[in-house]
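Some notes on the structure that comes next.
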Amino acid sequence: MSEEARSLNFLEHIIEEDLRNGFPKEALRFRFPPEPNGYLHIGHASSICLNFGLGLRYNAPVNLRFDDTNPAKEEQEFVDAIKEDVRWLGFDWDTERYASDYFQQLFDWAVLLIKEGKAYVDSQTSEEMAEQKGTPTEAGVESPFRHRSIEENLKLFEGMKAGEYDEGTHVLRAKIDMTSSNMLMRDPIMYRVLHKAHHRTNTDWCIYPMYDWTHGESDYIEQVSHSYCTLEFAMHRELYDWFLDQVYDEAKVRPKQREFARRNLSHTVVSKRKLAKLVEQGVVGGWDDPRMSTISGMRRRGYTPESIRNFADTIGIAKRDNLIDVSLLEFQVRDHLNKVAPRVHGVLNPLKLVITNYLKGEVEWVEAENNPEDESAGTRQVPFSRELYIEQEDFREEANKKFFRLKLGKEVRLKNGYIIKAESCSKDAEGNVTEVQCTYDPKSKSGSGSEESLRKVKGTLHWVSIAHALSAEIRIYDRLFTDESPDTHKDKDFMEFVNPDSLKTITGYLEPHLANAKVGDTFQFQRMGYFCVDPDTTSDKLIFNKTVGLRDSWAKIQQKT
RNA sequence: UGGCCCAUGGUGUAAUUGGCAACACUCCGGUUUUUGGUACCGUCAUUCAAGGUUCGAGUCCUUGUGGGCCAACCA
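No gaps in the numbering here: position 121 of the first sequence is 120 in numbering that gives the first Met the number 0, and each next residue is one more.
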């Protein structure tokens with residue numbers, strides 16, 4: 000186990016430099032700041048791994064802070080779901096905070112700004128203000144209300160807070176610079192009137208602070224040392240710093256905002272609006288559909304927290320635009336599941352196999368290892384009998400020597416069982432093989448130690464005894480989108496790329512001890528992939544989701560020919 | 001017609017801050033294997049372009065080229 004020191008990413012370099020410059024290590028503090036307006040997705044997952052990972056690396060506290068400044072969109076339900084998802088990913092926050100905890104402080108500071116002549120109440124319509132704002136290449140012009148007296152501003156702002164005005168009639172604006180090349184510095188809005196109940200403060204407030212006014216000050220209140228956000232907030236940094244300057248006390252930690260590139264996963268979408276559309280239009284079964292990029296979807300799909308964390312770790316973080324191939328994620332899922340998932344025999348496309356020289360009615364319980372990667376996983380007994388199911392794909396009447404499976408006249412090993420030889424097969428009217436007849440070598444039983452049992456035969460098949468088989472619904476998923484970046488086409492809607500075959504439901508046949516499987520349990524169906532028990536499972540119907548397939552080099556060989 | 005950010009293999013990230021381009025995945029080839037899985041071995045880039053500084057440039061400078069972001073009473 001060589002604990003090779005991982006190279007630092009640029010955000011860690013920033014911290015290291017601050018430390019070198021004398022920033023006290025004990026003062027390091029981070030935060031994950033979701034808005035509780037929807038479910039967390041893979042993008043949030045990497046942000047969570049980043050921020051909480053920093054906490055672990057520097058042994059520093061990480062706050063979970065809900066950025067709940069817009070009661071029109073936010074709900075308690077989402078707060079609960081977010082907390083569950085963060086915990087499921089394996090992280091624990093130092094303190095649970097809410098921007099709404101700071102409404103009073105924020106208000107007091109706003110009053111201070113008004114008194115210093117740095118904020119004013121604007122009484123125009125949003126259209127009028129938008130017009131005055133200018134464009135990225137043209138300076139804006141000042142609002143006619145920009146030079147109201149401090150007394151009038153104070154009176155108006157108090158009135159806004161007291162509920163004397165309707166929505167849209169007044170806003171509080173910071174008085175900065177209408178000619179700034181940064182649009183965000185052109186007198187940004189700090190407060191708006193919103194007569195809506197808030198999920199935590201109820202109707203205590205009818206004015207709510209905007210993101211820019213809230214975020215940096217919240218970081219400051221919590222004494223967050225490094226506030227990392229995505230690149231689209233880069234332009235906000237100037238404002239973040241300006242607001243901080245208004246209240247900053249030298250004796251305290253001054254939060255530092257830095258930006259990183261959002262990590263985009265191929266073949267998926269992540270925006271709330273788009274995910275909602277998939278749900279509303281019935282393309283998927285819900286927010287936790289196993290094809291969704293939500294954390295709850297990935298959980299239901301059978302992705303493990305470890306695999307998601309390893310994924311976030313290995314893809315790293317930088318500032319350039321990226322499109323990460325899902326295969327990187329899938330690799331991590333396989334890598335982890337390979338180590339922990341019990342192996343099991345499961346036939347997905349059954350073909351009847353009859354061992355003609357095996358006694359009718361005879362049943363043997365053969366021993367099978369639960370996980371070759373983990374000896375402590377032990378073994379189990381699997382019933383073997385005269386009539387079995389094998390995969391249709393595993394039999395061909397004739398095939399070339401690259402086909403390491405069952406063909407007429409040739410031998411193959413039934414995993415944990417015997418070596419068999421295909422003798423003949425039956426077909427239906429269309430010529431499809433309906434049954435294979437074979438003979439077995441009674442001395443070749445797996446694990447018996449006999450000379451015959453040690454014979455090398457080129458193929459090994461999984462199987463299940465028909466009489467003992469448990470049938471189960473198997474849901475097989477493919478990518479939800481056929482395009483690697485479905486929502487980046489200017490001329491096409493992402494819905495055009497929905498993969499019509501992203502879900503196939505079949506009936507599979509499993510070894511009987513799976514009757515005890517519980518929701519969420521994951522197994523490797525040998526040679527087929529990883530499957531987990533879906534919550535739709537009932538006492539009389541077992542349902543499995545295919546999490547991810549095994550690496551399939553046979554598929555590649557076939558493709559080439 | 002402005003400002004800010006970015007550019008390293010098929011993908012994503014590194015490079016002791018100016019000193020032999022590394023890691024993971026993928027791909028391809030091979031070894032092992034009672035999972036065509038796993039494990040293991042090997043092949044695959046002179047760093048967007050052109051100049052410049054330097055003994056030495058992925059790293060610094062200049063100019064291009066390409067891409068992203070910025071005008072919600074959203075976050």
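Every residue gets a Cβ at the ideal spot worked out from N, C-alpha and C, and that includes glycine. All of these numbers come straight from a predicted model, not from anything done at the bench.
L39 beta carbon less than 8 Å from that of D84 = Judged by beta-carbon spacing, L39 lies within the 8 Å limit of D84, meaning their Cβ atoms are closer than that value.
Residues that DSSP places opposite P349 in a beta bridge | Residue pairing from DSSP places P349 in a beta bridge opposite E390.
Taking 8 Å as the threshold, find out whether the segment 69-86 comes into contact with the segment 25-45 through three or more Cβ pairs.
-> Here the segment 69-86 lies against the segment 25-45, with 3 or more beta-carbon pairs under 8 Å apart.
Of the residues D176, E231, K517, Y508, which one's Cα is nearest the Cα of Q391?
-> If we check each option's Cα against that of Q391, Y508 comes out closest.
From the DSSP output, read off the bridge partner residues of T504.
-> Paired residue(s): R474.
Apply the 10 Å Cβ neighbour rule to K455 and answer buried if 16 or more other Cβ atoms are within range, or exposed otherwise.
-> With fewer than 16 Cβ atoms within 10 Å of its Cβ, K455 is classed as exposed.
With contact counted as at least three CB pairs below 8 Å, one residue from each stretch, are the segment 517-532 and the segment 498-506 in contact?
-> The segment 517-532 vs the segment 498-506: no contact.
Pull up the distance between the alpha-carbon of E386 and that of I556, whole angstroms please.
-> Within the model, the alpha-carbon separation for E386 versus I556 is close to 31 Å.
For R5, does the three-state DSSP call read helix, strand or coil?
-> R5: coil per DSSP, three-state reduction.
Close Cβ partners of E372 (< 8 Å) along its chain, the five nearest in sequence each way excluded = Excluding residues within five positions, the ones whose Cβ falls inside 8 Å are N337, K338.
Per DSSP, what kind of secondary structure is F153 in: helix, strand or coil?
-> Just to set this straight, residue 153 is Leu in the shown sequence, not Phe. The answer is helix: DSSP assigns L153 an H, G or I state.
Do you know whose CA, among V435, I542, D211, lies nearest A98's CA?
-> Answer by Cα proximity: D211.
Looking only at its own chain, which residues have a Cβ that is under 7 Å from the Cβ of P35, when we skip the five neighbours before and after it?
-> Cβ neighbours of P35 beyond the five flanking positions: F65, D67, E73, E74, F77, V78, I81.
Terminal residues of the alpha helix (DSSP H) in which N309 lies = That run of the alpha helix (DSSP H) goes 304-314.
Return the residue from the list I465, H197, D244, A468 that minimises the CA-CA distance to G215.
-> When each option's Cα is compared against that of G215, the closest is D244.
Could you check which residue in D240, S122, L407 has the C-alpha nearest to that of C437?
-> When each option's Cα is compared against that of C437, the closest is L407.
I542 lies in the beta strand (DSSP E); which residues open and close that run?
-> Here the beta strand (DSSP E) through I542 covers 542-548.
Whole alpha helix (DSSP H) elements within the segment 72-133, 4-residue minimum = The DSSP assignment places 75-87, 102-114, 125-131 as complete runs of the alpha helix (DSSP H) inside the segment 72-133, in order along the chain (cut-off: 4 residues).
Starting from C48, trace the alpha helix (DSSP H) both ways and give me its first and last residue.
-> Here the alpha helix (DSSP H) through C48 covers 41-56.
Compare the beta carbon distance of L328 and L274 with 8 Å and say whether it is the shorter of the two.
-> L328 places its beta carbon 8 Å or farther from that of L274.
Looking at the structure shown, is Q331 part of a helix, part of a strand, or coil, going by DSSP?
-> DSSP places Q331 in helix when its eight states are reduced to three.
Reducing DSSP to helix, strand and coil, say where R185 ends up.
-> The answer is coil: DSSP assigns R185 none of H, G, I, E or B.
Exposed or buried, what is Q256 when buried is set at 16 or more other beta-carbons lying within 10 Å of its beta-carbon?
-> Q256 counts as buried, since no fewer than 16 other beta carbons sit within 10 angstroms of its beta carbon.
Comparing alpha-carbon positions, which option in L27, P70, F144, A71 lies nearest F51?
-> Distance check between F51 and each of L27, P70, F144, A71 places L27 closest, using alpha-carbon atoms only.
Beta bridge counterpart(s) of A364 as assigned by DSSP = The identity of residue 364 in the sequence shown is Trp, whereas the question assumes Ala. In DSSP, W364 forms a bridge with P382.
Note down, in chain order, each residue of its chain lying with its Cβ closer than 7 Å to the Cβ of V61, except the 5 sequence neighbours on either side.
-> Excluding its 5 nearest sequence neighbours in each direction, V61 has C-beta neighbours in its own chain below 7 Å: F29, R30, F31, N50, F51, G54, W92, D93, listed in chain order.
Distance between beta carbons of N309 and H344, contact taken as under 8 Å = Their Cβ separation, rounded to whole angstroms, is 28 Å, which puts H344 and N309 out of contact at 8 Å.
Where Q557 sits in the DSSP three-state scheme | In the three-state reduction of the DSSP assignment, Q557 falls in the helix class.
Give the C-beta separation of P341 and W364 to the nearest angstrom, bearing in mind that I take them to be a contact with Cβ-Cβ under 8 Å.
-> Actually they do not touch by this definition, with Cβ atoms about 17 Å apart.
Verify whether the separation of the beta carbon atoms of G167 and S125 is less than 8 Å.
-> Taking 8 Å as the cut-off, the Cβ atoms of G167 and S125 count as close.
Please work out which residues of its chain come closer than 6 Å, Cβ to Cβ, to A376, disregarding the five sequence neighbours upstream and downstream, and give them in chain order.
-> Only N369, N370 meet the Cβ criterion.
For E450, which three-state DSSP category applies?
-> E450 falls in the coil class under three-state DSSP.
Which of helix, strand or coil does DSSP assign to R342?
-> When secondary structure is reduced to three states using DSSP, R342 falls in the strand class.
Mind checking whether S425 and T433 have CB atoms under 8 Å apart?
-> Against a cut-off of 8 Å, the Cβ pair of T433 and S425 comes out as a contact.
Where do the ends of the alpha helix (DSSP H) carrying A275 lie?
-> Here the alpha helix (DSSP H) through A275 covers 271-279.
Between the Cα of G267 and the Cα atoms of P289, R96, L111, H461, which residue gives the shortest distance?
-> Contrary to the premise, residue 267 reads as Thr rather than Gly in this sequence. Ranking the options by Cα distance to T267, first place goes to P289.
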